[in-house]
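Worksheet for the structure shown next.
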Amino acid sequence: SSQAKMNRTLEQRYAVKFCVRLGKTATETYTMIKDAFGNNSMGRSSIFEWHKLFKEGREQVENDHRSGRPSTSRSDQNVRKVKEILDTDRRLTIRLIAEELEVLERLRKRVLRVRPAMASTWKLHHDNAPCHTALLVQEWQAKHNLLTLPHPPYSPDLAPPDFFLFPRLKRQMKGRRFDTIETVQEAVTRGLRSIPVENFQQAYANWQTRYTKCINSGGCYFEEY
Numbered sequence: 001s002s003q004a005k006m007n008r009t010l011e012q013r014y015a016v017k018f019c020v021r022l023g024k025t026a027t028e029t030y031t032m033i034k035d036a037f038g039n040n041s042m043g044r045s046s047i048f049e050w051h052k053l054f055k056e057g058r059e060q061v062e063n064d065h066r067s068g069r070p071s072t073s074r075s076d077q078n079v080r081k082v083k084e085i086l087d088t089d090r091r092l093t094i095r096l097i098a099e100e101l102e103v104l105e106r107l108r109k110r111v112l113r114v115r116p117a118m119a120s121t122w123k124l125h126h127d128n129a130p131c132h133t134a135l136l137v138q139e140w141q142a143k144h145n146l147l148t149l150p151h152p153p154y155s156p157d158l159a160p161p162d163f164f165l166f167p168r169l170k171r172q173m174k175g176r177r178f179d180t181i182e183t184v185q186e187a188v189t190r191g192l193r194s195i196p197v198e199n200f201q202q203a204y205a206n207w208q209t210r211y212t213k214c215i216n217s218g219g220c221y222f223e224e225y
C-alpha cells in the first residue's frame, strides 16, 4: 500500500541520517541502504540528496517543501494559491514561454552580429527549467538548428550561473534596499558590468573542470572539485 511504502521510505531516511551521524560518506550510505533494503531501497539520487540534507543539519525526515530549492507545491493551501494565480492570469505560463523565446531570439541575433564565426557552432546550456523545456521553445530551437547541452537534474554545481554568477550578484546586492524595479535593474546591470572578463573566463574554465570530473567519475557523487 502507499502507506507501507511511505513507512519504508521514512525508515530508510532515518537510516541515512544515522549513517551521517556515523560519518559515512554518501557512497558508503548508498551501499549500506541497498544491502539492507534490497529492491525496496530508495533510489541513488534520493539517498544522496537526503545524505546531503542531513549533513547540512536537517533533523526532520518527513517531506518539507521549505528546505532546499523550491519544490512543487502539493499541500491544499499551496494548490489553492496556485489556482488563484492561474485564475487571475491564465496566460502566466504562456507569457514566460514568450519571454524565453524573445531572449533566445535576441541572443541568436547578438551571436550573429558579435561572433559571426561562432554562428553555426555555438551551443545553449540551461538548467531544464519548465520555460526552457517547453515544446514551443524546443520547436524554436529545432527550427534554428540550436543545439542544447544536456544538464543532469539537481546539479547547480554544473551550471556557471549557479556556482559563479548568481552568488556574486547576491553578495553585491546584499543589505541594499530598492524602491522600484527600475533601480533593481540598474543595480544588477552595474553589478554585471563590473565583473571583469577574466572572471567569466575563469568560471568557464572551472565549469570544464567540473563537468570533466563528473564524466570521469561516471556521474558519481563527490563533495569537492
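For the sequence shown, counting from 1, position 201 maps to 201 in the UniProt record's numbering; every step adds exactly one. Note that the Cβ used here is the ideal one computed from N, Cα and C, for glycine as well. Small disclaimer: the values here were computed from a predicted structure and weren't measured.
Between the beta-carbon of K55 and the beta-carbon of V111, is there less than 7 Å?
No, these two residues do not count as a Cβ contact at 7 Å.
What is the DSSP secondary structure of C220, reduced to helix, strand or coil?
Note: C220 maps to coil in three-state DSSP.
So what does DSSP say about Q208, is it helix, strand or coil?
Q208 falls in the helix class under three-state DSSP.
Tell me, please, whether the CB atom of K24 is closer than 7 Å to any CB atom in chain C?
The structure shown has no chain C; it contains just one protein chain.
Just the C-alpha distance for K213 and P161, rounded to the nearest angstrom, thanks.
If you take the alpha carbons of K213 and P161, they lie about 19 Å apart.
According to DSSP, is L149 helix, strand or coil?
Of the three classes helix, strand and coil, the one that applies to L149 here is strand, per DSSP.
Can you confirm whether the stretch 141-151 touches the stretch 178-196 when touching is taken to mean that 3 or more C-beta pairs between the two stretches lie within less than 8 Å?
The stretch 178-196 vs the stretch 141-151: no contact.
Taking only runs of the beta strand (DSSP E) that begin and end inside the stretch 179-209, which ones reach a length of at least 3 residues, in chain order?
None, since the stretch 179-209 contains no complete beta strand (DSSP E) of that length.
DSSP three-state call for L104: helix, strand or coil?
Reduced to three states, the DSSP call for L104 is helix.
Pairs of beta-carbons, one from the stretch 37-49 and one from the stretch 10-18, closer than 8 Å: are there three or more?
With the cut-off at 8 Å, the stretch 37-49 and the stretch 10-18 touch.
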